[in-house]
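Have a look at the structure below before the remarks.
In the working numbering, the protein residues as written are 1 to 129.
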């Protein structure tokens, strides 16, 4: 009987100073799809988005709608970086987000995206203004 366990393609673990992060359980090539995540649309107000409970886990959704979205799967757990190794493409018509590798990602490497939040928008949302 083979008792070795294989790591999943993606996994979550705690990261000092960042909370949880998503890591590659295998290598990904540049341009390869990492994950497709369905989303749940939310109103734009912090109260409608779960207030402080969801403030770090939402994406802006829809062109100029002011809506937000929580990505299911690992989608809302990817950490932000201004030098990301992955990107995301929201597909409003399908209510999902596609995450792709921007460059080759090695097994064990944390997957980072740029959430594309303008600093003032992020602070306004966090403060509930």
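Note that CB positions come from ideal geometry on N, CA and C, so glycine has one too.
Buried versus exposed call for residue i [16 or more other C-beta atoms within 10 Å across all chains shown]
i          : result
residue 85 : buried
residue 96 : buried
residue 15 : exposed
residue 63 : exposed
residue 82 : exposed
residue 93 : exposed
residue 35 : buried
residue 33 : exposed
Backbone CA spacing between residue i and residue j [nearest angstrom]
i           : j           : result
residue 5   : residue 65  : 45 Å
residue 88  : residue 7   : 23 Å
residue 18  : residue 79  : 7 Å
residue 106 : residue 12  : 15 Å
residue 75  : residue 37  : 6 Å
residue 104 : residue 30  : 5 Å
residue 124 : residue 77  : Confidence is the limiting factor: at residue 124 the pLDDT is only 47, short of 50, which leaves the residue's position unreliable and the question unanswerable from this model.
residue 113 : residue 22  : 10 Å
residue 59  : residue 73  : 14 Å
residue 20  : residue 115 : 16 Å
Among the options, nearest to residue i - alpha-carbon criterion
i           : options          : result
residue 102 : 27, 56, 61       : 27
residue 42  : 71, 32, 17       : 71
residue 68  : 82, 74, 40       : 40
residue 99  : 106, 111, 92, 93 : 111
residue 90  : 56, 73, 25, 61   : 61
Boundaries of the beta strand (DSSP E) in which residue i is found, first to last residue
i           : result
residue 100 : 96-101
residue 67  : 67-71
residue 85  : From DSSP, residue 85 is part of no beta strand (DSSP E); its letter is neither H nor E.
residue 24  : 19-24
residue 60  : 58-61
For residue j and residue i, believed in contact at Cβ under 8 Å, the rounded distance
i           : j         : result
residue 109 : residue 9 : Not quite, the Cβ-Cβ distance comes to about 13 Å (not below 8 Å), so this is no contact.
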